[in-house]
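> Quick one: this structure, given as structure tokens, is what I'll be asking you about.
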Amino acid sequence: MAADWLGSLVSINCGPTLGVYQGEVVSVDQSSQTISLRQPFHNGVKCPVPEVTFSAIDIKELKILDITIGNARNSSSASTKVSSAPVVVPKGDPRSAANLNSPQHCSKSQGERHVDIPGQPKGFRRRHNSWSSSSKGANQATPKKNGVKNGQMKPRDDECFGEATDDGVDTDFDFEGNLALFDKAAVFSEIDISERRNGARSRGTPLDQTPTRYRHDENILEAKPVVYRQITVPQPGAKEYCTDSGLVVPSISYELHQRLLSIAERHGLSLERRVEMTGVCATQMALTLLGGPNRFTPKNLHQRPTVALLCGPHVQGAQGISCGRHLANHEVEVVMFLPNFVKMLDCVTSEVTLFNKTSGKQVSSIKDLPDTPVDLIINCLDCHENTFLMDQPWYRAAADWANQNRAPVLSLDPPGSGQGQAVEAKWSLSLCLPFSLAEGAGRVYLCDIGIPRQVFKEVGIKYICPFGCKFVIPLHSA
1 MAADWLGSLV SINCGPTLGV YQGEVVSVDQ SSQTISLRQP FHNGVKCPVP
51 EVTFSAIDIK ELKILDITIG NARNSSSAST KVSSAPVVVP KGDPRSAANL
101 NSPQHCSKSQ GERHVDIPGQ PKGFRRRHNS WSSSSKGANQ ATPKKNGVKN
151 GQMKPRDDEC FGEATDDGVD TDFDFEGNLA LFDKAAVFSE IDISERRNGA
201 RSRGTPLDQT PTRYRHDENI LEAKPVVYRQ ITVPQPGAKE YCTDSGLVVP
251 SISYELHQRL LSIAERHGLS LERRVEMTGV CATQMALTLL GGPNRFTPKN
301 LHQRPTVALL CGPHVQGAQG ISCGRHLANH EVEVVMFLPN FVKMLDCVTS
351 EVTLFNKTSG KQVSSIKDLP DTPVDLIINC LDCHENTFLM DQPWYRAAAD
401 WANQNRAPVL SLDPPGSGQG QAVEAKWSLS LCLPFSLAEG AGRVYLCDIG
451 IPRQVFKEVG IKYICPFGCK FVIPLHSA
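With the UniProt record's numbering as the guide, the letters of the sequence shown map in order to residues 1 to 478.
Written as structure tokens, this is what we have:
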């Protein structure tokens with residue numbers, strides 16, 4: 001009985017310590033309870049010894065991968081025992097029905113090899129999986145017929161792919177020798193030449209390397225060189241600024257600024273329209289400084305921010321009052337300080353009338369301003385024309401209150417560096433083109449008040465809009 005299994009392919013699981021072995025059964029000793037395998041594989045790797053003997057006490061599990069019937073007497077009986085399903089023999093197939101019905105198991109893997117089986121025509125080879133079969137499910141332990149599906153015989157490709165693959169398995173691959181054959185410099189040189197021919201970007205030297213990552217607002221294809229000095233003025237100021245994208249924004253003098261506004265007003269950009277535009281831009285910046293969408297939500301109605309407006313009786317004061325009106329419309333608690341004057345500018349009077357229609361509070365005394373720190377102070381006390389206002393008692397009192405309050409200060413349309421500023425600002429918002437501001441002005445921002453390009457051209461300014469998609473942009477000292 002034991003001799004019937006000689007030549008069969010089996011898989012022996014010896015537990016986690018010894019591992020799994022596969023090979024061809026060459027001897028079975030019933031007296032000593034041992035089994036020997038020829039050309040064994042240990043855990044999928046071919047063993048260096050030609051034969052391995054196992055004791056029954058070491059074997060945890062034994063699986064039959066492929067059965068080889070040793071003689072013709074047992075062939076028909078084995079076929080009858082293993083398979084009872086009829087097999088259709090293809091026309092002209094030289095194989096016998098007994099050979100087709102013999103139990104076979106074909107498993108493909110990287111360690112696949114072929115074993116010649118006696119009784120079959122030359123060139124007919126059976127494939128055998130040299131890797132461990134312990135990972136197969138329990139339902140795959142029983143041998144099954146290979147090539148038979150729904151009573152039909154699948155065409156075999158063993159004649160085409162039937163050569164043995166065991167040759168040279170023990171030869172190690174020479175990594176160092178093959179790596180020495182690779183000429184890295186020549187390969188990269190060919191890649192560079194190919195990229196230049198195809199018009200692709202070359203690596204180049206570190207000085208002319210292009211960035212490998214781009215921002216969402218950067219173009220990959222550059223049609224022409226970028227000109228960063230797109231604004232030129234006939235009388236540049238003492239300072240130059242630049243935007244986040246690198247565009248140069250020169251400062252201008254007060255005289256050129258006044259001439260630009262007068263020509264714009266002559267073409268229809270009235271003072272009231274400029275005041276309204278400045279108020280909207282200042283409101284957008286103030287809302288951002290107060291927290292933006294993170295604070296102005298329906299769930300934060302109990303935490304309404306408080307803004308203190310310090311305004312004078314001039315155009316800059318009217319711009320601040322317009323900003324306060326828009327802030328009050330956006331559910332901001334606004335307290336506006338404006339001293340009492342017998343006669344004020346018409347633009348100031350009209351803005352005060354509109355402001356009083358909101359929920360904002362107007363005061364004329366410093367004592368009525370909040371005693372606790374507010375969220376933001378907007379300073380509109382300074383005037384470009386009348387510097388004597390800094391000597392007025394109401395101006396000094398308002399400046400002292402702003403400096404003692406711990407709130408950050410936004411200065412709206414501040415004067416140039418030639419005039420002193422009593423209130424130190426954290427941010428400054430300039431209009432159209434900036435003045436040369438002092439260090440106490442803080443971070444400088446620029447807002448667009450809608451002056452057309454032809455108006456700039458009439459005063460000798462070559463102007464290309466630096467704002468992009470925004471109305472308020474930050475400026476940096478160049």
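From the three backbone atoms N, C-alpha and C, an ideal C-beta is built for every residue, glycine too.
In this text the structure is predicted, and so the values were computed from the model without any measurement.
Return the CA-CA distance between Ala308 and Ser251, expressed in angstroms with no decimal places.
Within the sequence shown, numbered from 1, the residue matching residue 308 stands at position 308. Within the sequence shown, numbered from 1, the residue matching residue 251 stands at position 251. Their backbone Cα atoms lie some 29 Å apart in a straight line.
> Indicate whether at least one CB of chain D lies closer than 8 Å to the CB of Gly324.
No chain D appears in this structure, which consists of one protein chain only.
> Give the straight-line distance between the Cα atoms of Ser436 and Pro415, rounded to the nearest whole angstrom.
On the sequence shown, position 436 is the one that residue 436 refers to. On the sequence shown, position 415 is the one that residue 415 refers to. Their Cα atoms are separated by approximately 9 Å.
> How big is the Cα-Cα spacing for Lys343 and Pro373?
In the sequence shown, counting from the first residue as 1, residue 343 sits at position 343. In the sequence shown, counting from the first residue as 1, residue 373 sits at position 373. About 32 Å.
> With DSSP collapsed to three states, give me the class of Cys281.
Position 281 of the sequence shown, counting from 1, holds the residue named residue 281. Residue state, collapsed to three classes: helix.
> How would you call Ile57, buried or exposed, if buried means at least 16 neighbouring beta carbons within 10 angstroms?
As a position in the sequence shown, residue 57 is number 57, starting the count at 1. With fewer than 16 Cβ atoms within 10 Å of its Cβ, Ile57 is classed as exposed.
> If we count the other Cβ atoms within 10 Å of its Cβ and call it buried at 16 or more, is Asp413 buried or exposed?
Position 413 of the sequence shown, counted from the start, is the residue given in the question as residue 413. It is buried - the Cβ of Asp413 has at least 16 other Cβ atoms within 10 Å.
> May I have the straight-line CA-CA distance separating Cys281 from Pro466, to the nearest angstrom?
Residue 281 sits at position 281 when you count from the first residue of the sequence shown. Residue 466 sits at position 466 when you count from the first residue of the sequence shown. Rounded to the nearest angstrom, the two C-alpha atoms are 16 Å apart.
> Buried or exposed for residue 479, please, with buried defined as at least 16 other CB atoms from any protein chain shown within 10 angstroms of its CB.
No answer is possible for residue 479: it lies beyond the span of the chain, which begins at 1 and ends at 478.
> Excluding the five sequence neighbours on either side, which residues of its own chain have a C-beta within less than 7 Å of the C-beta of Glu272, listed in chain order?
Translated into the one-based positions of the sequence shown, residue 272 becomes position 272. Only Cys347 meet the Cβ criterion.
> On the DSSP letters alone, give me the boundaries of the alpha helix (DSSP H) that Glu255 sits inside.
As a first step, residue 255 is located in the sequence shown; it is residue number 255 there, counting from the start. First-last of the alpha helix (DSSP H) with Glu255: Tyr254 to Arg266.
> Note down, in chain order, each residue of its chain lying with its Cβ closer than 6 Å to the Cβ of Cys323, except the 5 sequence neighbours on either side.
Looking up residue 323 in the sequence shown gives position 323. Cβ neighbours of Cys323 beyond the five flanking positions: Gly279, Ala282 and Thr283.
> Let me check understanding here. Comparing Cα to Cα, which of Glu331, Pro16 and Ala286 lies closest to Asn300?
The residue you call residue 300 lines up with position 300 of the sequence shown. Cα-wise, what sits closest to Asn300 is Glu331.
> Counting only the same chain and skipping the five closest in sequence on each side, list residues whose C-beta sits under 8 Å from that of Ser135.
Residue numbering aside, residue 135 sits at position 135 when the sequence shown is read from its first letter. Only weak support exists for where Ser135 lies, its pLDDT of 42 falling under 50; the coordinates are left without a value.
> Taking all protein chains shown into account, decide if Phe54 is buried (16 or more other Cβ within 10 angstroms of its Cβ) or exposed.
Position 54 of the sequence shown holds residue 54. Answer is buried; the Cβ neighbour count reaches 16.
> Does the beta-carbon distance from Tyr395 to Leu410 come in below 8 Å?
As a first step, residue 395 is located in the sequence shown; it is residue number 395 there, counting from the start. As a first step, residue 410 is located in the sequence shown; it is residue number 410 there, counting from the start. Against a cut-off of 8 Å, the Cβ pair of Leu410 and Tyr395 comes out as no contact.
> Count the other CB atoms within 10 Å of the CB of Asp368; is the residue buried (16 or more) or exposed (fewer)?
Locating residue 368 in the sequence shown gives position 368, counting from the first residue. So Asp368 counts as exposed.
> Among the candidates Val227, Gly317, Gln362 and Val49, whose CA atom is the shortest distance from the CA of His384?
One-based indexing of the sequence shown puts residue 384 at position 384. Measuring from the Cα of His384, the nearest candidate turns out to be Gly317.
> When you compare only the Cα positions, how much space is there between His42 and Val10?
Mapped onto the sequence shown, residue 42 falls at position 42. Mapped onto the sequence shown, residue 10 falls at position 10. Rounded to the nearest angstrom, the two C-alpha atoms are 12 Å apart.
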